[in-house]
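Following: one structure in C-alpha cells, then a few remarks.
2 protein chains.
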Amino acid sequence: MNLPDQMLVEMLSLGQRARAAAKAVRDASADQRTTALHAMARRLRDAAPAILTANAKDVDAARTSGKAESFIDRLALDAKRLEAIASGVEIVAAQPDPVGAVTADWTQPNGLRFQRVRTPIGVIGMIFESRPNVAADASALALRAGNTIILRGGADSAESVAAIVAAIRAALREANLPEDAVQVVETTDRAAVGLMLAGLGGAIDVIIPRGGKSLVARVQEEARVPVFAHLEGICHTYVHAGADAQKALDIALNGKMRRVSVCGATETLLIDQAVAAKLLPDIATALSNAGCELRGDDAARRLTPMNVADEDDWRTEYLAPIISIRVVAGIDEAIQHIAAYGSQHTESIVTEDQDAADKFLREVDSAIVLHNASTQFADGGEFGFGGEIGIATGRMHARGPVGAEQLTTFKYMVRGSGQTRP
Amino acid sequence: MNLPDQMLVEMLSLGQRARAAAKAVRDASADQRTTALHAMARRLRDAAPAILTANAKDVDAARTSGKAESFIDRLALDAKRLEAIASGVEIVAAQPDPVGAVTADWTQPNGLRFQRVRTPIGVIGMIFESRPNVAADASALALRAGNTIILRGGADSAESVAAIVAAIRAALREANLPEDAVQVVETTDRAAVGLMLAGLGGAIDVIIPRGGKSLVARVQEEARVPVFAHLEGICHTYVHAGADAQKALDIALNGKMRRVSVCGATETLLIDQAVAAKLLPDIATALSNAGCELRGDDAARRLTPMNVADEDDWRTEYLAPIISIRVVAGIDEAIQHIAAYGSQHTESIVTEDQDAADKFLREVDSAIVLHNASTQFADGGEFGFGGEIGIATGRMHARGPVGAEQLTTFKYMVRGSGQTRP
C-alpha cells in the first residue's frame with residue numbers, strides 16, 4: 041500500500057469515527073454537553089504550559105521559514121490569549137443548548153400535531169489556516185449544537201492545534217462523551233482537504249472554511265457537500281441627509297479604522313449630496329488623521345482633497361487603511377450602489393429619519409443591515425452568539441455570524457392517533 | 041455566432057432578467073403578491089381551453105413516440121386536474137406571506153436591538169420532467185415567498201408548460217409585477233441544464249430538481265450552487281410491542297399501499313418480536329390481499345408465508361407493491377436498523393407507549409418522524425404548507441416538504457443610537 045492509499049484509509053476511518061460519535065453527542069442531554077464545555081475550558085487552562093510550549097515550536101518554525109510578522113501574530117499564543125480562548129468556551133457553555141428547541145408547533149384539522157424541532161447538523165468539516173484559537177472556538181460551538189467536528193488546520197499551527205485538541209478530547213472523556221467528537225486531520229498532504237471537500241465518503245455534512253482567497257477559491261471549485269462560505273466583505277457606511285453629524289463621524293471612523301483587517305470593516309463611504317459639503321470635510325479629516333487613505337469620486341474631491349477613486353475601487357475589499365468615498369443623490373442611489381458593488385455582507389445607514397432607516401433596512405439585501413451603528417459589529421460575539429465559527433456570505437441555511445443555532449438543522453415530529461391518509 | 045453561443049447568450053440573458061425582476065418581487069407588498077396569486081388562479085381557469093389544447097399536443101407526441109401509459113398519465117391534463125392546479129394556487133394565495141416575518145428579536149447590553157427577519161432567497165432554478173402542474177405549483181410557492189423562478193421542464197411537456205406560464209405571466213402583469221418573475225427555458229438542449237447547475241452566471245441562488253434518478257445524479261455531480269435535493273425515500277413503519285393492533289394494521293397498510301409510487305410510501309415494516317406472532321399474520325394478509333408482495337427475514341417467514349428478503353431489500357426504495365419485513369428485538373434494534381438502512385426521509389412508530397414514542401421521535405434522525413400515523417403524510421399539502429415545491433432529503437436549509445417558508449432566507453436588522461465598537 042503506497043502513501044496516498046494509506047492516507048485515504050486513515051481519512052475515511054476518521055470520517056467513520058466522526059459519524060459514529062455523532063449519535064452519542066446528539067442523544068446526550070444538554071447538561072452533559074454543558075458539563076463537557078466547562079471541562080474543556082478548565083482543561084485548556086490546566087494545559088496552558090503544554091499548549092504554550094507547542095505553540096512556541098510553531099512560532100519558531102514560522103520565524104525560521106521567514107513568515108511575515110502579521111502571520112506570526114495570528115499564530116502566536118500567550119497566557120492572555122489562551123485565557124481568552126478558555127473564557128470563550130465558557131461563554132459558549134453558558135449559551136442555551138439549541139438541540140430539541142421547538143421552533144414551530146401546529147395541529148392540522150385531521151388532528152395530526154406537527155412540531156419542527158432543532159437537531160444537530162451532524163459532522164462538521166472545519167478547514168482553517170494559521171490561527172490555533174479556531175480549533176477551540178469551533179469545537180465548542182460544534183459541541184454546543186450537538187455536532188461532531190473534524191479539524192484541518194494549516195501545517196504551521198499543527199503543534200498548537202494538537203495540544204489544544206488533546207485538552208479538548210480529555211474533557212470529552214471526562215464528560216462521558218466520545219473523544220472522537222473532536223478530531224484533527226494529521227496529514228499535511230493537501231489531498232486531505234480534497235477528500236474533506238468531497239464529503240469524506242458521506243461522513244461530512246457541511247464544510248466551513250476559514251482562510252484566505254486561495255482556500256475560498258479551492259472550496260468553491262471542489263466542494264461536493266454544502267459549504268458555509270465566507271467570500272468578501274465589501275461593507276458600506278451610508279451617511280443620509282438626515283444624519284446626526286457626530287454619529288456620522290463616529291460611525292464612519294469606527295467602521296473603517298477600528299480594525300481594518302476584519303470582514304466587517306467599512307470599505308466605501310456613501311454620503312448624501314445634501315449634507316456632503318457640511319459633513320464630509322470633518323469625516324475626511326478624522327479618517328486622514330487616523331492614517332486612512334481617501335479615494336473619492338469627483339463630487340467628493342471638490343469638497344475635500346483626496347485621491348481619485350476609479351470603478352475598481354467600488355468593488356475592492358481593501359482590508360487596509362484605505363476608504364473609497366462617493367457622493368450620492370439620495371437613498372435610492374445609495375441602495376443601488378450597494379446592490380451593484382457590495383457583497384451582501386454588512387451595511388449601515390446613519391440617519392435620524394426613521395422612514396429612511398426603515399427603507400434602508402428593508403431594501404438592502406445584505407446579511408446584516410444596521411441603523412446608526414458601526415459596521416464593525418458584524419461579529420458573532422457582538423450578536424451575543426458566544427463567538428462564531430465563521431461568517432457566512434451565502435444565502436442558504438446560515439447567513440452572517442454562524443453561532444450554535446446556525447449549526448443545527450431540524451426535523452418534523454408528527455403525533456397522531458392512528459391517522460391514515462385518504 | 042453558432043448555436044451553442046446563441047444559447048449561452050439567451051440563457052445568461054434569462055438569468056439577468058430573473059435577477060432584475062427579483063428586487064421588484066422582493067420589495068412588493070404581501071398584498072401585491074397575494075393579488076398576483078389570485079390573478080394566477082383566475083387566469084389559469086380562463087386559459088383552460090388553450091392549456092388543454094396545448095397539453096393534447098404534448099400527449100399526442102408522447103403517444104406517437106411510444107411512451108408508457110404511466111408517463112402519459114403524469115403528463116396528461118383534463119378539466120379536473122386543471123381545476124386542482126388553480127385551486128392549489130389559491131391555497132398558496134391564502135397562506136401567510138413569509139417575507140418580513142421576524143423570527144428572533146433581542147437587545148444586547150450596549151443597546152443594539154437585533155431582529156432576524158425572513159427575506160426571499162432570490163432566484164430559484166427549477167428543473168423538472170414531465171408533470172406540467174409543477175410549473176404552476178412551483179411558480180406560486182416561489183412568488184408567495186418573494187422569489188423569481190426559472191423553469192426548465194422536460195421537452196415532452198413543453199407545450200403544456202408554455203401555455204400555463206403564459207397565463208401566469210399575464211397575471212403578473214395584471215398585478216403590476218414583472219412578468220420575468222416566472223420564466224421558462226425554451227431550448228431543449230441538455231446543455232441548458234448544465235448552465236443552470238453552474239448558477240447561470242451568478243443569477244441562480246438555489247436549484248430544485250424534481251425527477252428521476254438520472255436527473256438527481258446529474259445534479260449531484262454538476263451543481264455549483266446550493267441544491268434542495270431529493271434522493272430516496274426508504275421509509276419505515278415500526279410496530280412496537282405496545283402497538284394497538286388495529287392502528288398497526290391500518291397504518292402499515294396505508295403507509296405501503298395508498299400509493300406505492302410516492303416517496304413517503306413505506307418500504308420496510310419492522311415489528312417487535314414480542315407482538316410479531318400476534319400481529320404480523322393479519323398485517324401480512326391485509327397487504328397480500330391488497331396486491332403487495334411480501335419479503336421477510338427468517339423470523340417473519342416462520343410466522344407467515346412470504347418470500348425471502350436479502351440484504352439488498354433493506355436498502356431498496358421499491359416504489360412498487362413490494363414490502364420488506366423484519367422482526368426486531370425491540371426499539372433500539374429498530375432505531376439501529378433505520379440508521380443503518382434508511383434514507384432519513386420519513387419513519388413512523390405505532391405504539392400506545394408514550395415513552396417509546398418519545399424515544400423514537402427523538403432518536404430517529406429523519407426529516408419526518410411520526411407517531412401513530414401513516415408515512416404517506418410526508419407531503420407539503422398534508423403539513424398545511426399549501427403544496428410543496430419538492431421534498432428535501434438533505435440536511436441544510438430545508439428538510440422535508442419545501443413550502444413557501446423554506447423558500448426564504450433571512451437577514452439581521454440591527455438598530456442603534458450611534459454605537460461604535462470598542
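Chains A and B supply the protein sequences, listed in that same order. Sequence positions in the first sequence follow this note's numbering and run 41 to 462. Sequence positions in the second sequence follow this note's numbering and run 41 to 462. Yeah, the Cβ is synthetic: ideal placement off N, Cα and C, and Gly gets one too. On a predicted model such as this, the values are computed, not experimentally measured, just so you know.
Query: Beta-carbon separation (whole angstroms), Thr433(B) vs Leu271(B), contact threshold 8 Å; Result: 5 Å
Query: Exposure label - Ala134(B); buried when at least 16 CB within 10 Å; Result: exposed
Query: Where the stretch 398-416 of chain A meets chain B: residues whose CB sits under 8 Å from a CB there; Result: Leu401, Arg402, Glu403, Asp405, Ser406, Ala407, Ile408, Val409, Leu410, His411, Asn412, Ala413, Ser414 and Gln416
Query: Beta-carbon neighbours of His437(B), restricted to chain A and to distances below 7 Å; Result: Met436 and His437
Query: Pick from Glu214(B), Pro266(B), Leu48(B) and Thr308(B) that is closest to Arg83(B), judged by C-alpha positions; Result: Glu214(B)
Query: Contact set between the stretch 370-391 of chain A and chain B, restricted to residues whose Cβ is under 7 Å from the partner; Result: none
Query: Per DSSP, cross-strand counterpart(s) of Trp146(B); Result: Phe154(B)
Query: Val454(A) at chain B interface by Cβ criterion, 8 Å; Result: yes
Query: The stretch 388-397 of chain A / the stretch 277-284 of chain A touching (three or more Cβ pairs under 8 Å); Result: yes
Query: Chain B residues whose Cβ lies nearer than 7 Å to that of Val246(A); Result: Met436
Query: Beta-carbon proximity list for Met41(A), same chain, < 6 Å, skipping 5 on both sides; Result: The predicted position of Met41(A) is uncertain, since its pLDDT is 43 and thus under 50; a value taken from the coordinates is nonetheless stated next. None.
Query: For Gly427(B) and Leu181(B), believed in contact at Cβ under 8 Å, the rounded distance; Result: 6 Å
Query: Residue-level contact to chain B via CB, Asn329(A), 8 Å cutoff; Result: no
Query: Close beta carbons around Thr344(A), own chain, < 7 Å, minus the five adjacent residues each side; Result: Leu320, Pro321 and Ala324
Query: Contact check, Ile362(B) vs Glu403(B), beta carbons under 8 Å; Result: no
Query: Length of the line joining the Cα atoms of Ala243(A) and Met436(B); Result: 15 Å
Query: Pair within 8 Å by beta-carbon distance, Pro138(B) and Ala444(B); Result: yes
Query: Enclosing alpha helix (DSSP H) for Lys287(A) [first to last residue]; Result: Ala285 to Met297
Query: C-alpha distance - Leu191(A) paired with Arg85(A), whole-angstrom precision; Result: 21 Å
Query: Residues that Ile451(B) contacts on chain A, provided the C-beta gap is smaller than 8 Å; Result: Contrary to the premise, residue 451(B) reads as Lys rather than Ile in this sequence. Near Lys451(B) (Cβ distances below 8 Å), the residues of chain A are Asp405, Ser406, Ala407, Ile408, Val409, Arg439 and Gly440.
Query: Asn329(A), buried or exposed, once every other Cβ within 10 Å from all chains shown has been counted against 16; Result: exposed
Query: Member of Leu183(A), Thr308(A), Ala178(A) and Ile164(A) whose CA lies at the smallest distance from the CA of Ala237(A); Result: Reading the sequence as shown, one finds Leu at residue 237(A) and not Ala. Among Leu183(A), Thr308(A), Ala178(A) and Ile164(A), the Cα nearest to that of Leu237(A) belongs to Ile164(A).
Query: Nearest candidate by alpha-carbon position, reference Ala397(B), set Gly140(B), Leu410(B) and Asp405(B); Result: Leu410(B)
Query: Minimum Cβ-Cβ distance from Ala266(A) to chain B less than 8 Å; Result: The sequence as given places Pro at residue 266(A); Ala does not occur at that position. Cβ-Cβ to chain B under 8 Å: yes for Pro266(A).
Query: Best match in Ala360(A), Asp393(A) and Lys399(A) for proximity to Glu373(A) [C-alpha to C-alpha]; Result: Lys399(A)
Query: Best match in Cys303(A), Glu422(A), Val367(A) and Trp146(A) for proximity to Ser383(A) [C-alpha to C-alpha]; Result: Cys303(A)
Query: 8 Å contact criterion, which Phe111(B) and Ala102(B) should meet: CB distance rounded; Result: 6 Å
Query: Buried/exposed call for Ala232(A), threshold 16 Cβ in 10 Å; Result: buried
Query: Backbone secondary structure at Ala281(A) - three-state DSSP; Result: coil
Query: Under 8 Å between C-beta atoms of Thr460(A) and Asn294(B); Result: yes
Query: Start-end ranges of the beta strand (DSSP E) lying completely within the stretch 144-223 of chain B, minimum 3 residues; Result: 153-160, 163-168 and 188-192
Query: Helix, strand or coil at Arg258(B) [DSSP, three-state]; Result: helix
Query: Terminal residues of the alpha helix (DSSP H) in which Phe417(A) lies; Result: First-last for Phe417(A): undefined, no H or E at that position.
Query: Opening and closing residue of the beta strand (DSSP E) in which Tyr452(B) lies; Result: Thr448 to Gln459
Query: Inter-residue Cα distance where the pair is Thr228(A) and Ala263(B); Result: 29 Å
Query: Residue from Arg455(A), Phe168(A) and Thr448(A) with nearest C-alpha to Pro140(A); Result: In the sequence as displayed, the identity of residue 140(A) is Gly instead of Pro. The candidate whose alpha carbon is nearest that of Gly140(A) is Thr448(A).
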